[in-house]
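Numbered by this note's numbering, the letters in the sequence shown go through residues 638 to 853 in order.
By construction, the Cβ of each residue, glycine as well, lies at the ideal position given by its N, Cα and C atoms.
Computed from a predicted structure; not experimentally measured.
Down below is the structure, laid out as structure tokens.
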Amino acid sequence: MTISTPDVVKFKTKSILVLLFASMLSATGFLWPFFYSSANIAHTQLFFWGAIAIAFLLVIVEVSSSRLDAKSVALLGILAAIIAALRPLGAGAVGIEPMWFILILSARVFGASFGFLLGVISMFASALITGGVGPWLGYQIFAAAWVGMLAGFLPRKTSPKMEILLLAIYGAIAAMLFGILMDLQFWPWALGTGTQLSYIPGGLLSENLSRFFTFH
């Protein structure tokens, strides 16, 4: 028998629209190498910093409103602290990232909105703890927030065996996509301009896709 748990927090329509706008901005921040034609790529980070500002405003509004009570805020803080502490343990551990277990299962139990908030807060807290604050942080925050949010949207009316299989498949796919997104934000600056895998500003979509996936 599958036990259904009510969502701890649900975004209202206005918050959902803000979240969609921020997500579109952040998606642009990830995918710009495939459609941006100018050789001047320094200001492309503006897309992401704009999205991050919106995301943090959304978190502040949700936490300060009546939709999150004291117990929910405490739960969010405890889980974010656990994820932040677990994240450094995944570095070099044969590809195992224990932080995803907590994030995905928490979002599965407490809902998509909670998963998004948990992804944002835990990744930011982890960066502060490990000294990992840098231009890559915005990408990490949104990628983790998406992982949490999408986990909350997984079908709930399943058998116990199917639920375990569903979560395992989702976890594998989410971790793989997170790695792709992290490589994508790093790739345009990683190799300079003189290699066969380098990003070509204004190049053909097929050429840049081929170079990126070979790099990845």
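Tell me which residues share the same chain as G785 and place their Cβ nearer than 6 Å to its Cβ, disregarding the 5 neighbours each side in the sequence. Close CB contacts of G785 within its chain, under the 6 Å cut and outside five residues either way in sequence, are with L740, A744, G752, F753, L755 and G756 (chain order).
Can you round the beta-carbon distance between I691 and A659 to whole angstroms, since I take them to be within the 8 Å contact cut? Going by Cβ atoms, the distance from I691 to A659 rounds to 4 Å, so yes, they are a contact pair.
I'd like to check one pair, A781 with M760: are the Cβ atoms closer than 7 Å? At a Cβ-Cβ threshold of 7 Å, M760 and A781 count as neighbours.
Would you call the region 787–797 and the region 821–831 touching, i.e. three or more CB-CB distances under 8 Å? The region 821–831 and the region 787–797 do not touch, with fewer than three beta-carbon pairs separated by less than 8 Å.
Counting beta carbon pairs with one atom in the region 836–847 and one in the region 659–673, are three or more of them shorter than 8 Å? In short, these stretches touch, since the Cβ pair count reaches three.
Any idea what DSSP makes of Y836, helix, strand or coil? In the structure shown, Y836 sits in coil (DSSP, three-state: anything other than H, G, I, E or B).
Report the three-state DSSP secondary structure of E844 (helix, strand or coil). Three-state DSSP puts E844 in a helix.
Confirm, please, whether the CB-CB distance from A762 to A707 is below 7 Å. Going by C-beta atoms, A707 is not nearer than 7 Å to A762.
Out of T851, L742 and S750, which has the shortest C-alpha to C-alpha gap to I806? Out of T851, L742 and S750, L742 has the C-alpha closest to the C-alpha of I806.
DSSP-derived helix/strand/coil call for L828: L828 falls in the coil class under three-state DSSP.
Cα-Cα, which of F790, A721, I801 and I810 is closest to G768? The shortest C-alpha separation from G768 is found at A721.
Around the C-beta of Q777, are 16 or more other C-beta atoms found within 10 angstroms, so that it is buried, or is it exposed? Flag for Q777 reads buried.
Kindly indicate which residue of F815, H853 and M736 has the alpha-carbon position closest to the one of A664. The candidate whose alpha carbon is nearest that of A664 is F815.
Cα-Cα separation between W824 and W686, rounded to whole angstroms: Here the C-alpha atom of W824 lies approximately 19 Å from the C-alpha atom of W686.
R745 - DSSP class collapsed to helix/strand/coil: It is helical.
Anticipated Cβ contact below 8 Å, L834 with F852, distance rounded: Confirmed, about 5 Å.
Cα separation between I766 and E800? Across the structure, I766 and E800 are spaced so that their CA atoms are roughly 33 Å apart.
Exposed or buried, L713, counting other C-beta atoms within 10 Å across all chains shown (16 or more means buried)? So L713 ends up on the buried side.
In chain order, what residues of the same chain have a beta carbon less than 6 Å from the beta carbon of G789, not counting five sequence neighbours either side? Sequence-distant partners of G789 (beyond 5 residues in either direction) whose C-beta falls short of 6 Å from its own C-beta, in its chain, are A744, G748, A749 and G752.
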